[in-house]
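Quick mapping for you: the protein sequence lines, in order, are chains A and B.
Position 143 (the first sequence) corresponds to 143 in the working numbering; numbering is contiguous.
Position 90 (the second sequence) corresponds to 1090 in the working numbering; numbering is contiguous.
Positions of the beta carbon are idealized from the N, C-alpha and C atoms, including for glycine.
Values in this document were obtained by computation on a predicted structure and should not be read as measured data.
Before any comments, here is the structure.
Protein chains: 2
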Amino acid sequence: MTSRHRSRSRSRSESKELTRQALLRAALKLLPRNSFDSISLREITREAGVSPTAFYRHFDDTEELGLALVEEAFGSLRQMMRDARADPAMTRDAINRSIETVVVHVHRHTDHMRFIARERYGGVRRLRQAIRRELELFSEELAIDLSVFPALSAWPPADRRMFADLITDTMVSMAAELVETRSPEGEDEIVRRKRQQLLLITLGVDRWSPHADPEDAGHDADAS
Amino acid sequence: MTSRHRSRSRSRSESKELTRQALLRAALKLLPRNSFDSISLREITREAGVSPTAFYRHFDDTEELGLALVEEAFGSLRQMMRDARADPAMTRDAINRSIETVVVHVHRHTDHMRFIARERYGGVRRLRQAIRRELELFSEELAIDLSVFPALSAWPPADRRMFADLITDTMVSMAAELVETRSPEGEDEIVRRKRQQLLLITLGVDRWSPHADPEDAGHDADAS
């Protein structure tokens, strides 16, 4: 919990990074019972054991700290994706492997995942936007990965992207539900249901006709 | 906790209801830029133009007011579902009609829908639980409705429920995205993508084998 004191054995930049990490950890620790916009700078510095002055050496305000958390959370997600992609089992057994990867990730980074689920539609516009952008990137990369599957390789990129969005949404909602669950039975139930849903989604893949938009089939909705 | 104040022209219960409504409206009005747990009782009463004492005649605390908002939001959703069910066009053109219904609902009740999207995984446990329960009820009712479709009528109820959960999740995520969007083009794009996703999901329906769980196909995930 220390910080502002200079240890001779540690370099200044090391110690600066430790303070930054302490601030990020403190914010995550306060999140289970709060939304991000209800946490004050002073609560974060108190939890981290550093002074408000030290805070300002790292972030302009709590919003900027929130953006750093978004980056951290998606940084580890991207790493996870890269590892999963390198695993040859992924193409053989994509649904189970993807689910497994997300479950492990939620266990290891529960606080980050809670933060993402909470702030995706939360009270801070800049965080909502940053999370949306990151999820879009995630889905774009997934759409590229998906083109290795024969049934999907002939799809127009826009349709593959639509499919990737659906998978991403399903995975995000699984992660958000897992964070909320306290029992292993609850977790098994969530995983079982999501697995069935992903399987159902893939059953339609080779029947998809590009641009098969039911709008063309006489849609008369006027949304306004 | 009663309103013992006198309006001669209005009945006591009418005026009490008006205060309650003013408090609910005030909380909704504060939400676009705040999470629910960052709004104080005093901010709500100031916005509503009533005294904190008047607040306590209606709610024990802000959390209880939040629960009343959950009830209001899902009350209107249920009404919408009932109306949609009574419309014979629903079975002919279920995807477009359902989407249209949700879009109209989001336009009419933007603040309520924002509240649900925000607090579904928000900082207040009781609100998260109340919203989860309501969404479960919504999905249960949908599962019953879905049994009129020939392809789904033979499914075991648990599988129909899994399917209803997927539709519900897709609709909730559409509503949450619509609330965030500011342009008609953005709205069209969201609706178009969700329509394609729902179509893709339904393409697999008649290929589904009950209990078709990929777990049986040699799943070796160990989630822990």
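Using three-state DSSP, classify residue i as helix, strand or coil.
i	result
Thr1181 (chain B)	coil
Asp1165 (chain B)	helix
Phe59 (chain A)	coil
Asn96 (chain A)	helix
Ile39 (chain A)	coil
Ser1173 (chain B)	helix
His1226 (chain B)	The requested residue 1226 (chain B) does not occur in the structure, where chain B is confined to residues 1001 to 1224.
Gly1186 (chain B)	helix
Gly66 (chain A)	helix
Arg132 (chain A)	helix
Gly1075 (chain B)	helix
Arg1118 (chain B)	helix
Phe149 (chain A)	coil
Ser51 (chain A)	coil
Ser1013 (chain B)	helix
Ala1089 (chain B)	helix
Ser209 (chain A)	coil
Ala1143 (chain B)	helix
Pro1156 (chain B)	coil
Val191 (chain A)	helix
Quick one: Cα of residue i to Cα of residue j, how far?
i	j	result
Ile167 (chain A)	His1058 (chain B)	43 angstroms
Arg193 (chain A)	Ala1089 (chain B)	30 angstroms
Pro156 (chain A)	Arg120 (chain A)	29 angstroms
Thr181 (chain A)	Ala1084 (chain B)	33 angstroms
Ala1164 (chain B)	Asp1093 (chain B)	17 angstroms
Trp208 (chain A)	Arg125 (chain A)	36 angstroms
Asp1188 (chain B)	Glu1177 (chain B)	11 angstroms
Arg108 (chain A)	Glu141 (chain A)	22 angstroms
Leu1137 (chain B)	Arg1161 (chain B)	11 angstroms
Gln79 (chain A)	Leu1065 (chain B)	42 angstroms
Glu100 (chain A)	Leu199 (chain A)	15 angstroms
Arg1046 (chain B)	Lys1029 (chain B)	12 angstroms
Met1171 (chain B)	Ser1139 (chain B)	11 angstroms
Thr91 (chain A)	Ser98 (chain A)	10 angstroms
Arg33 (chain A)	Glu43 (chain A)	13 angstroms
Ser173 (chain A)	Leu1146 (chain B)	22 angstroms
Leu1052 (chain B)	Ser35 (chain A)	The sequence shown places Pro at residue 1052 (chain B), not Leu. In a straight line, the C-alpha of Pro1052 (chain B) is about 24 angstroms away from that of Ser35 (chain A).
Arg128 (chain A)	Leu24 (chain A)	18 angstroms
Ala143 (chain A)	Leu77 (chain A)	16 angstroms
Val1104 (chain B)	Phe149 (chain A)	38 angstroms
Leu1018 (chain B)	Phe1055 (chain B)	12 angstroms
Ala27 (chain A)	Ala1154 (chain B)	50 angstroms
Gly1123 (chain B)	Asp159 (chain A)	36 angstroms
Pro210 (chain A)	Pro1210 (chain B)	28 angstroms
Ser183 (chain A)	Glu14 (chain A)	39 angstroms
Leu135 (chain A)	Leu1031 (chain B)	24 angstroms
Once you ignore the five residues that flank residue i on each side, which residues in its own chain have a CB closer than 8 angstroms to its CB?
i	result
Asn1096 (chain B)	Arg1195
Val1179 (chain B)	Val1106, Thr1110, Met1113, Arg1114, Ala1117
Ser40 (chain A)	Thr62
Ser224 (chain A)	Since pLDDT at Ser224 (chain A) reaches only 35, below the 50 mark, its modelled position is unreliable, and no value is offered.
Gln1197 (chain B)	Thr1170
Let me confirm a value: residue i is counted as buried when at least 16 other C-beta atoms fall within 10 Å, else exposed. Which label applies?
i	result
Asp37 (chain A)	buried
Gly1075 (chain B)	exposed
Ala1086 (chain B)	exposed
Arg12 (chain A)	exposed
Thr202 (chain A)	buried
Glu1185 (chain B)	exposed
Arg1133 (chain B)	exposed
Excluding five sequence neighbours on each side, which residues of the same chain lie with their C-beta closer than 6 angstroms to the C-beta of residue i?
i	result
Asp1061 (chain B)	none
Ala130 (chain A)	Leu67, Val70
Lys16 (chain A)	none
Ser1073 (chain B)	Residue 1073 (chain B) is actually Ala in this sequence, not Ser. Excluding sequence neighbours, Ala1073 (chain B) sits near His1112, Ile1116.
Arg20 (chain A)	His58
What residues in its chain sit with their C-beta under 7 angstroms from that of residue i, if we drop five residues either side in the sequence?
i	result
Ala151 (chain A)	Val205, Asp206
Ser1081 (chain B)	Residue identity check: residue 1081 (chain B) is Met in the sequence provided, not Ser. Same-chain partners within the cutoff: Glu1141.
Val102 (chain A)	Met171, Met174, Ala175
Ile190 (chain A)	Met174, Glu177, Leu178, Thr181
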